[in-house]
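S.K.: This is the structure I have questions about; it appears just below.
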Amino acid sequence: MKGHKPVLPEETIEFLAAKNGGYFLDCTFGGGGHTELILKAADTKVLALDQDPEAGERAKEFERAYGDRFQFQRKNFSDIDQIEEGPFDGILFDFGVSSYQLDQTERGFSFRGDAPLDMRMNPESDRPSAEEWLAKASRSELIEAIKDFGEEKNWRRVVDAIIEARAQESLHTTKALSELILSCIPAKQRYASKIHPATRAFQGIRIAVNNEIEVIEKGLPAAFERLKPNGRLCVISFHSLEDRIAKNLFRQWAGRPAPGDNRPQDMRQRRASLLTRRPTQASDREIAANKRSRSAKLRALRKAET
1 MKGHKPVLPE
11 ETIEFLAAKN
21 GGYFLDCTFG
31 GGGHTELILK
41 AADTKVLALD
51 QDPEAGERAK
61 EFERAYGDRF
71 QFQRKNFSDI
81 DQIEEGPFDG
91 ILFDFGVSSY
101 QLDQTERGFS
111 FRGDAPLDMR
121 MNPESDRPSA
131 EEWLAKASRS
141 ELIEAIKDFG
151 EEKNWRRVVD
161 AIIEARAQES
171 LHTTKALSEL
181 ILSCIPAKQR
191 YASKIHPATR
201 AFQGIRIAVN
211 NEIEVIEKGL
221 PAAFERLKPN
231 GRLCVISFHS
241 LEDRIAKNLF
251 RQWAGRPAPG
261 DNRPQDMRQR
271 RASLLTRRPT
281 QASDREIAAN
291 KRSRSAKLRA
301 LRKAET
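Here it is in structure tokens:
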């Protein structure tokens with residue numbers, strides 16, 4: 001089945017330990033790449049979640065191909081605690097925007113092309129679009145998006161430029177935003193960077209528009225509770241904030257010290273064991289074949305028996 005290339009495919013399947021009769025939850029269906037790997041690895045069943053309406057259309061192909069081995073629910077993974085299915089032998093998260101969403105210029109995720117500033121993972125939701133968010137965001141909210149979420153070094157210039165541009169009501173398209181950001185980046189940095197100069201700011205705005213950090217903070221603990229004893233949890237992140245949340249939660253579940261946890265060691269409950277002491281990253285070979293994997297980090301754990 002034709003779909004986008006899933007990142008870290010071999011490593012993900014190894015850590016999930018797909019086996020005959022296993023029941024798995026793919027919390028970020030996207031193009032279905034990881035789901036298909038799980039379904040092909042053994043005689044497994046997969047429940048896939050995604051809030052994007054177009055993911056639901058792609059899911060119909062899987063329903064035809066795999067029958068009752070595959071089920072799809074159109075949900076944000078922050079709502080895992082609302083699903084009736086489970087528990088699961090393995091659960092997977094692949095954070096960030098999917099290749100399909102990036103390739104669809106009209107969705108507004110990409111700085112390549114000229115499209116309305118939308119950036120919503122679910123364009124049918126009542127959340128404000130990127131254009132609406134940029135028009136109303138406070139200075140502190142813009143700083144959080146550009147500096148913290150986007151990790152843009154030139155965040156002051158970008159924030160000031162956005163505030164000035166929106167006063168003139170000139171931020172309506174991805175092209176306008178991209179050109180504005182480019183004007184804030186010194187020429188030396190523009191030419192030396194391996195990524196497009198607008199990448200970080202676009203990423204930060206997207207994270208803010210979709211409330212991605214809060215969604216992750218809610219979704220990961222809910223997923224852990226839906227694992228069977230000895231079940232596996234795999235998390236693929238593309239941003240330092242995403243990885244930090246996963247890292248700290250994993251350490252907490254493994255009974256290890258985590259930021260903000262000042263309890264004595266003997267008071268910490270060991271509910272899981274870490275399968276990755278450090279995040280697994282893509283090989284040079286994979287990066288050459290799939291540039292999206294360049295910043296991917298995979299963490300995995302196994303839930304305790306009791």
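According to my numbering, the sequence shown is numbered sequentially starting from 1. Ideal placement from N, C-alpha and C gives every residue a C-beta, glycine not left out. Please read all numbers here as calculations on a predicted model, not as lab measurements.
If residue 166 and residue 145 are in contact, beta carbons under 8 Å, what's the gap, nearest whole angstrom?
M.R.: Walking along the sequence shown from the start, residue 166 turns up at place 166. Walking along the sequence shown from the start, residue 145 turns up at place 145. Contact flag wrong, Cβ pair sits at about 14 Å.
S.K.: From residue 237 to residue 299, what distance separates their C-alpha atoms?
M.R.: If you number the sequence shown from 1, residue 237 lands on position 237. If you number the sequence shown from 1, residue 299 lands on position 299. So the alpha carbons of these two residues sit roughly 8 Å apart.
S.K.: So, are the CB atoms of residue 272 and residue 254 less than 7 Å apart?
M.R.: In the sequence shown, the residue the question calls residue 272 occupies position 272. In the sequence shown, the residue the question calls residue 254 occupies position 254. The answer is yes: Cβ separation under 7 Å.
S.K.: What's the call for residue 229, buried or exposed, on a 16-neighbour Cβ count within 10 Å?
M.R.: Translated into the one-based positions of the sequence shown, residue 229 becomes position 229. Answer is exposed; the Cβ neighbour count stays below 16.
S.K.: Using the C-alpha atoms, what's the distance from residue 50 back to residue 20?
M.R.: Here residue 20 refers to the residue found at position 20 when the sequence shown is read from its first residue. Here residue 50 refers to the residue found at position 50 when the sequence shown is read from its first residue. C-alpha separation (whole angstroms): 25 Å.
S.K.: Measuring CB atoms only, is the stretch 212–229 touching the stretch 108–115, in the sense that at least three cross pairs come out at less than 8 Å?
M.R.: Touching, no, given that fewer than three Cβ pairs across the two stretches are closer than 8 Å.
S.K.: So residue 161 packs on residue 183, CB below 8 Å; how close in whole Å?
M.R.: On the sequence shown, residue 161 is found 161 positions in, with the first residue counted as 1. On the sequence shown, residue 183 is found 183 positions in, with the first residue counted as 1. 7 Å between Cβ atoms; contact.
S.K.: Are the beta-carbon atoms of residue 18 and residue 41 separated by less than 7 Å?
M.R.: Position 18 of the sequence shown, counted from the start, is the residue given in the question as residue 18. Position 41 of the sequence shown, counted from the start, is the residue given in the question as residue 41. Contact flag set, yes.
S.K.: Report the option in 35, 138 and 174 whose CA atom is closest to the CA atom of residue 58.
M.R.: Position 58 of the sequence shown holds residue 58. For residue 58, the nearest C-alpha among the options comes from 35.
S.K.: Going by beta carbon distance, what residues of the same chain come within less than 7 Å of residue 173, once the five residues before and after it are set aside?
M.R.: Residue mapping note: residue 173 aligns to position 173 of the sequence shown, counting from 1. Excluding sequence neighbours, residue 173 sits near 114, 115, 116 and 117.
S.K.: Output needed for residue 45: all residues of its chain with C-beta closer than 6 Å, excluding positions within five of it in sequence on either side, in chain order.
M.R.: The sequence position of residue 45 within the sequence shown is 45, counting from 1. Excluding sequence neighbours, residue 45 sits near 23 and 69.
S.K.: I think residue 226 touches residue 80, with their Cβ atoms under 8 Å apart; what is that distance to the nearest whole Å?
M.R.: Reading the sequence shown from its first residue, position 226 is the one you call residue 226. Reading the sequence shown from its first residue, position 80 is the one you call residue 80. Indeed they touch by this definition, with Cβ atoms about 6 Å apart.
S.K.: Got a sec, what are the start and stop residues for the beta strand (DSSP E) residue 90 sits in?
M.R.: In the sequence shown, counting from the first residue as 1, residue 90 sits at position 90. Counting along the chain, the beta strand (DSSP E) containing residue 90 begins and ends at 88–94.
S.K.: Write down the C-beta distance between residue 85 and residue 280 rounded to the nearest angstrom, noting that I regard them as a contact closer than 8 Å.
M.R.: Your numbering for residue 85 matches position 85 in the sequence shown. Your numbering for residue 280 matches position 280 in the sequence shown. Actually they are not in contact, since the Cβ atoms of residue 85 and residue 280 sit about 28 Å apart, beyond 8 Å.
S.K.: Going by C-alpha to C-alpha distance, which of 191, 168, 192 and 198 sits closest to residue 178?
M.R.: Working through the sequence shown from its first residue, we reach residue 178 at position 178. Considering only alpha carbons, the answer is 198.
S.K.: Nearest CA to the CA of residue 109: which residue from 138, 203 and 82?
M.R.: In the sequence shown, counting from the first residue as 1, residue 109 sits at position 109. Here the closest residue by C-alpha is 203.
S.K.: Grouping DSSP H, G and I as helix and E and B as strand, with all else coil, what is residue 117?
M.R.: The sequence position of residue 117 within the sequence shown is 117, counting from 1. Three-state DSSP puts residue 117 in coil, outside helix and strand.
S.K.: Does the beta-carbon of residue 131 have 16 or more other beta-carbons within 10 angstroms, so that it is buried, or is it exposed?
M.R.: On the sequence shown, position 131 is the one that residue 131 refers to. Flag for residue 131 reads buried.
S.K.: Taking DSSP as the reference, what is the three-state secondary structure of residue 279?
M.R.: Reading the sequence shown from its first residue, position 279 is the one you call residue 279. Reduced to three states, the DSSP call for residue 279 is coil.
S.K.: According to DSSP, is residue 111 helix, strand or coil?
M.R.: For the purposes of this step, residue 111 is taken as residue 111 along the sequence shown, with counting starting at 1. Coil, per DSSP.
S.K.: Does the Cβ of residue 46 lie closer than 6 Å to at least one heavy atom of the ligand SAH?
M.R.: Summarising the ligand content, the structure contains no ligands, and the ligand SAH is consequently not present.
S.K.: How would you label residue 164, buried or exposed, when you count the other beta carbons within 10 angstroms and need 16 or more for buried?
M.R.: Looking up residue 164 in the sequence shown gives position 164. So residue 164 counts as exposed.
S.K.: Can you tell me the Cα-Cα spacing of residue 159 and residue 43, whole angstroms?
M.R.: Start at 1 with the first residue of the sequence shown, and residue 159 comes out as number 159. Start at 1 with the first residue of the sequence shown, and residue 43 comes out as number 43. Computed Cα separation, rounded: 51 Å.
S.K.: Once the 5 residues before and after residue 150 are set aside, which same chain residues still bring their CB inside 6 Å of it?
M.R.: Translated into the one-based positions of the sequence shown, residue 150 becomes position 150. Closer than 6 Å at the Cβ level, and outside the excluded window around residue 150, lie 200, 201, 203 and 204.
S.K.: On the CB-based measure, 16 or more other CB atoms within 10 Å of its CB, does residue 214 come out buried or exposed?
M.R.: Taking the sequence shown and counting its residues from 1, one reaches residue 214 at position 214. Label assigned to residue 214: exposed.
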